[in-house]
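Taken in sequence, the protein lines are chains A, B, C and D. The first sequence: position 333 = 333 (our numbering), numbered continuously. Basically our numbering = 1-based index in the second sequence + 359. Basically our numbering = 1-based index in the third sequence + 718. Basically our numbering = 1-based index in the fourth sequence + 1077. We put the CB at the ideal spot given by N, CA and C, even for glycine. Some notes on the structure that comes next.
Number of protein chains: 4
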Amino acid sequence: MKKKKVAVIGATGVAGQQFLASRPGHPFFEVAALAASERSAGKTYQEALTDASGAFRWYCQEPLDPAFAKMKVEDASKLDASKMDLVFTAVESDAAKELEPRYAKTTPVVSTASAFRYEDDVPIFIPGVNLDHDRLIPVQKKKRGWKGFVTPVPNCTTTGLAMTLKPLHEAFGVLQVIMTSMQACSGAGRSPGVIGLDIMDNVIPYIPKEEEKVEKETQKILGAIVGESIAPAPFPVSATCTRVPVLEAHTEAVYVSLKKHATVEEVKDALRRFGGDFVAMKFPSCPPRLIDVSEDPFRPQPRLDRDREGGMLTSVGRVRADHALPNGIKYMLVSHNTKMGAAKGGMLVAEYLARQGHI
Amino acid sequence: MKKKKVAVIGATGVAGQQFLASRPGHPFFEVAALAASERSAGKTYQEALTDASGAFRWYCQEPLDPAFAKMKVEDASKLDASKMDLVFTAVESDAAKELEPRYAKTTPVVSTASAFRYEDDVPIFIPGVNLDHDRLIPVQKKKRGWKGFVTPVPNCTTTGLAMTLKPLHEAFGVLQVIMTSMQACSGAGRSPGVIGLDIMDNVIPYIPKEEEKVEKETQKILGAIVGESIAPAPFPVSATCTRVPVLEAHTEAVYVSLKKHATVEEVKDALRRFGGDFVAMKFPSCPPRLIDVSEDPFRPQPRLDRDREGGMLTSVGRVRADHALPNGIKYMLVSHNTKMGAAKGGMLVAEYLARQGHI
Amino acid sequence: MKKKKVAVIGATGVAGQQFLASRPGHPFFEVAALAASERSAGKTYQEALTDASGAFRWYCQEPLDPAFAKMKVEDASKLDASKMDLVFTAVESDAAKELEPRYAKTTPVVSTASAFRYEDDVPIFIPGVNLDHDRLIPVQKKKRGWKGFVTPVPNCTTTGLAMTLKPLHEAFGVLQVIMTSMQACSGAGRSPGVIGLDIMDNVIPYIPKEEEKVEKETQKILGAIVGESIAPAPFPVSATCTRVPVLEAHTEAVYVSLKKHATVEEVKDALRRFGGDFVAMKFPSCPPRLIDVSEDPFRPQPRLDRDREGGMLTSVGRVRADHALPNGIKYMLVSHNTKMGAAKGGMLVAEYLARQGHI
Amino acid sequence: MKKKKVAVIGATGVAGQQFLASRPGHPFFEVAALAASERSAGKTYQEALTDASGAFRWYCQEPLDPAFAKMKVEDASKLDASKMDLVFTAVESDAAKELEPRYAKTTPVVSTASAFRYEDDVPIFIPGVNLDHDRLIPVQKKKRGWKGFVTPVPNCTTTGLAMTLKPLHEAFGVLQVIMTSMQACSGAGRSPGVIGLDIMDNVIPYIPKEEEKVEKETQKILGAIVGESIAPAPFPVSATCTRVPVLEAHTEAVYVSLKKHATVEEVKDALRRFGGDFVAMKFPSCPPRLIDVSEDPFRPQPRLDRDREGGMLTSVGRVRADHALPNGIKYMLVSHNTKMGAAKGGMLVAEYLARQGHI
């Protein structure tokens, strides 16, 4: 198979960097263009990442591929998307609102931004969870008159929650969901993100707009396609989203009321078996299993579990009965917010879409 | 009024130190004895706090009162409690199980330990919340043949939860409670407590026995006296207790289903008005109000709010409707675990018991 | 004495807030004007501190004085300084360069900014250390044709170093100084200051321009007035300035080569006795001693020692011989960078200048 | 080559775990025995790492090799070392003092403990720095009548310092060294190591015995063999060792006075070229270069640089002139204290000793 040409938009930002770091020598895709704001345009990628003080602003643990270092950065607002097979965007919502429709006229767009997530004809994909929502892609193309399309990944806090609710909803039915998150600082980015003076020795109890996103996106992702749009899953989701002094990975305490009674063991089984079919498709970025369930009562922990399977695993633990909710179950999860929850999750979506012929 | 003589047991530990630091020149009480384990016995308090390397192990922000520094530390197992009007114990549960009944034969004991919390004839006091449970004191004395009694304060995570549920239960009735805590490291003490390698850049999702304590104690504290014991409050409480990289103060995300619908404003009002009668009694350790409700969406924060009113205030914020539970309300709270939630809370209880003639 | 009217410039920033928080009901000074950038002008101080999300951006532990909350914030560029007896500026260096000369035409200015520190006719004051440099004030006024003057406090990292070197230089002579700092995040302010993703679980080995400032300012502060300017102290100072995950207070490891041999005890004595005359002047913001020397080998620690004496004490410990330098002595110090090292130190300077008749 | 049989003593501790994690499928060595204290003896390694609460105490990022999980743990005090080709010990100094001579009677011992470091006939090895000190091995054997020998690696804070001083001493001569460390918590281990309440938002200015170790070991490592022992390097070393809230990797600020003047560029060159011959020997655990010198003024940082080249690289930055010392040079370094500075460094030493025929 000839490799698909990919443009990475927002290449100098953290999520864009992680896209570049995540999969050198990808068997399906080849990075053919890097784009960012006008300020970086015309510089090499190496230059664009070096600031006035001489500091090199590459934030991934993996070293920067020298081939990318030499590439010229283009102005995102002038990129000719028609020469690309795929555009991967990792920009702020405002920029996404403007740029993504422009690219989508000719080319598929996989996005980490929230700009289009709540549109009727736009699926929000989580690998292995709702890729069948790709039936909306032709609807979107037709409705908007685009040759391409836009498919965002969800908010990083939604990913782990929806991933673990999916097998429970399938097996037992979900009636109510309550979730409290303890989110990592990386979720807020670096401009300026969470400042040290605010977060050290502290918990910040509020992340603007986050709870609404999680509640709405979870229902949409676990919803069913009815006609030409998605009927949200019928159960209410109530979230409290907080920030804690953790660098990477979101931790979530989840309480679920099930339709049908299930024992703790049945719940663990359902979580463990989940995603077997998807994993069997052996996509390059797919972990060997989607969900791990630990019997160690002190797990999952964000620092210890976030990088398992390259940050693509959802780690669950402390599955136990909840006595406040009818058929209640509670558990903890850890999900890597900037890997499975952002760039690398987007790449796995793209791999699926490519194999399905959408890209 | 002649001052009551108090012995502080576990005086070298963190909670014992905080008792000593909390109220120099107390108008009701005078510290007449300091006691600790055999190892410290016979030393001055200053010597007992100085370790082999020359380090001085006084952990309070307030400087050590020179009068205490010179006192001789007694062996807790040999203390003659009959010479005291009150014994304040701040020791591990195992030691409490042995020592407290011995002291209580002659003398009232206010305790931070869990040893007796779950006994039928033992009230667990939170200031302003359930001091009417003191009707159990004569029951306990009679039943056990003691001249004194034992009244523990609750687990530090219970305090803020029960404090805020009380006005809601009174005003609207509580049907279900779900609570996720983000607890400070000081709750685990120093022997060794939470080690740096475990907690930095991390969340620990499990604190052994903590959830059971919170669930059970909350029901007992908000229960009603029926005959000679307490009928637990009839609503289920489901807790997830986690540890975060915070030094002091527990943060809790609370979801409550109310019997009677209440608006967010009605809930805030109930919380704000709570405890007026108790505060009006003007006890030396009592804050000017028990609960503060903030309109700033970024509050409460443990680092910013823990020391308000000397660590005796329960700070509430983010009161909002919850759509997953019937008549659902959700909010965040911050409560200082080693001040209101331990030694200083115990002192306020003692002040009440003294005025009521129990001490 | 009629109170002097003070304008606080940069009142919404952290240092400006600390000036306001530091001394309610000051016996010499009365806050007559608050000024900030154009953006805040016209709002009450309360409003100016409340951002669009409803968050209240008051960063001091002390509550905001309600009298200040109601004051109208003025535009700093339009303030009529001639109505004031003193202007206290806490703004960025660029703004200081423009505003301070304007105010100084009519009015004394005490500044936390670096803009004028390196001018020949400008003394950099540390309380108790070099207030005799006030002999430069008439020189500065004459030379610049101002009725007022500008006197900055030093960089916050200089303060503790110069404070502890002064008694050593007086008693034994200093030949060489080497200093490595571990600085708190608050030194970088909040716009955005040090971001959480950079500093957690990390040390940042470089603070732009900091080392040069410390080296130059220390020599100037410990220099002698010769004619109409200051001859820098003749010993070289070599600094390495780093940032560590600490909220407040700078920690410094200092190595000094002395001219005259001194024992560890002699050095401790010199440090302990320092500043007696100044302290005896009993200024409202003056701590009861300037330097504390601990015998506990584990002190000073920034978290435990920063707030002693209201953040105005320089805590020294681990004084010991150094065998690499001739007559070498080494020690650690902790100094509160935003209290003695900024706003509160500036206020103590102003108290001195007022009593000397400069204000 | 037939693989050498290795016993790992202290296998359940952090350093022992890292030895096991560091090199699966090692071409020279095969782990033939795991030993620990009596408490663990008889259990499988998996069982020995699982505590009563069900928590699994494996602390490395790399997953535990299932082959090790099944091995039986032996009692270290009963191990028959004569069946082994090499014993790797990672135990406390007191245990080492007793166990290591027993093993060394028959078998070479590479140790992370300090017990024998200061004996005349014992070399302290750093890979690439002073492996020629192996000339002491036959001396030690003869003198003690052992068939084996003991060779410890240095204190983890010494490693980076001696590694970077070596090329400077060779090229320019070293006259004086001053070093301030900012050390990671992992250096203190886990029993209990540094507790969270002490280190968060703090610097601890003292690590018992650390400064003496660093000063003495550096001189010994950089000394020359004279007759049957090592003449310490003639330059004085003065250290201040502190603990900061960092998980892994020590950061050091170093000031060196050189015999011969050298420019900053010459110093960088000497550092960069260092170790070429050793690296060319291509040992399995050897990084592709020993020292990296960064031009980014914000590097090295412990979190960003510690894991480069598998934690075996010493990262240097901020090389600049120092004006306080004659021919002064100053720089910062980061060295991974539990990888190059402990178990993995010990393995690289063992690889060298094996090829030289000592093992």
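query, result
"By DSSP, does M1424 (chain D) sit in helix, in strand, or in coil?", "helix"
"Can L271 (chain A) be considered in contact with the ligand SAM, in the sense that its beta carbon sits closer than 7 Å to one or more heavy atoms?", "For the structure depicted, the ligand SAM is absent and the ligand set is empty, with no information on it obtainable."
"Please state whether the Cβ-Cβ distance between E1428 (chain D) and F1145 (chain D) is less than 8 Å.", "no"
"Starting from V488 (chain B), follow the alpha helix (DSSP H) in both directions and report where the run begins and ends.", "Taken as a continuous stretch (DSSP letters only), V488 (chain B) belongs to no alpha helix (DSSP H), as it is neither H nor E."
"Say whether chain D places a C-beta atom closer than 8 Å to the C-beta of V553 (chain B).", "yes"
"What residue does the beta strand (DSSP E) around S1315 (chain D) start on, and which one ends it?", "1314 to 1320"
"Applying a beta-carbon distance threshold of less than 8 Å, which residues of chain C neighbour S412 (chain B)?", "P1015, F1016"
"Does DSSP classify F642 (chain B) as helix, strand or coil?", "coil"
"What first and last residue would you give for the alpha helix (DSSP H) that runs through Q735 (chain C)?", "732 to 740"
"By the 8 Å beta-carbon criterion, what residues does the stretch 215 to 238 of chain A contribute toward chain C?", "none"
"For the beta strand (DSSP E) containing F786 (chain C), list its first residue and its last residue.", "Note, F786 (chain C): premise wrong, no beta strand (DSSP E); alpha helix (DSSP H) at 784 to 788."
"Could you confirm whether any beta carbon from chain D is found closer than 8 Å to the beta carbon of M900 (chain C)?", "yes"
"From the DSSP output, in three-state form, read off A880 (chain C) for me.", "helix"
"What are the start and end residues of the alpha helix (DSSP H) that includes D94 (chain A)?", "93 to 104"
"Strictly under 8 Å for the Cβ-Cβ distance: is C185 (chain A) near chain C by that measure?", "yes"
"Measuring straight from C-alpha to C-alpha, what distance separates E607 (chain B) and D560 (chain B)?", "16 Å"
"Would the beta-carbon of K1224 (chain D) fall within 8 Å of that of K1182 (chain D)?", "yes"
"Hey, F1202 (chain D) and V1227 (chain D): beta-carbon distance below 8 Å or not?", "no"
"On the three-state DSSP scale, how would you describe A1219 (chain D)?", "According to the sequence displayed, residue 1219 (chain D) carries Lys and not Ala. Helix at K1219 (chain D)."
"Quick one: is Q736 (chain C) buried, meaning 16 or more other Cβ sit within 10 Å of its Cβ, or exposed?", "buried"
"Please identify, using Cβ separations under 9 Å, the residues of the stretch 658 to 678 of chain B that lie next to chain A, in order along the chain.", "R658, P659, Q660, P661, R662, L663, G676, R677"
"Taking all protein chains shown into account, decide if G878 (chain C) is buried (16 or more other Cβ within 10 angstroms of its Cβ) or exposed.", "buried"
"Do you know offhand how far D769 (chain C)'s Cα is from E266 (chain A)'s?", "49 Å"
"Just confirm the distance between the C-beta atoms of Q183 (chain A) and T218 (chain A), as a whole number of angstroms; I'd bet it's less than 8 Å.", "Not really, about 15 Å apart at Cβ, beyond 8 Å."
"DSSP has V177 (chain A) in a bridge; who is on the other side?", "A:V237, A:V256"
"Start and end of the alpha helix (DSSP H) containing E211 (chain A)?", "210 to 221"
"Grouping DSSP H, G and I as helix and E and B as strand, with all else coil, what is H250 (chain A)?", "strand"
"Tell me L649 (chain B)'s beta-bridge partners as DSSP assigns them.", "According to DSSP, which records beta bridges pairwise, L649 (chain B) is partnered with nothing at all."
"In chain D, which residues lie with their C-beta within 9 Å of the C-beta of V892 (chain C)?", "Those do not exist, as V892 (chain C) stays about 11 Å from chain D at its closest Cβ, beyond 9 Å."
"Just verifying my parser: in three-state terms, what is the DSSP assignment at S37 (chain A)?", "coil"
"Tell me the residue span of the alpha helix (DSSP H) that contains L197 (chain A).", "196 to 199"
"If we cut at 8 Å on Cβ distances, does M1050 (chain C) have a partner in chain B?", "no"
"Return helix, strand or coil for A1042 (chain C), following the three-state DSSP convention.", "coil"
"Is DSSP giving P885 (chain C) helix, strand or coil here?", "helix"
"So, under 8 Å CB-CB, A270 (chain A) and A162 (chain A) are touching, yes? Tell me the CB distance rounded to an integer number of Å.", "Between A162 (chain A) and A270 (chain A) the Cβ distance is about 15 Å, and since that is not below 8 Å, they are no contact."
"P192 (chain A) to A95 (chain A), Cα distance in whole Å?", "17 Å"
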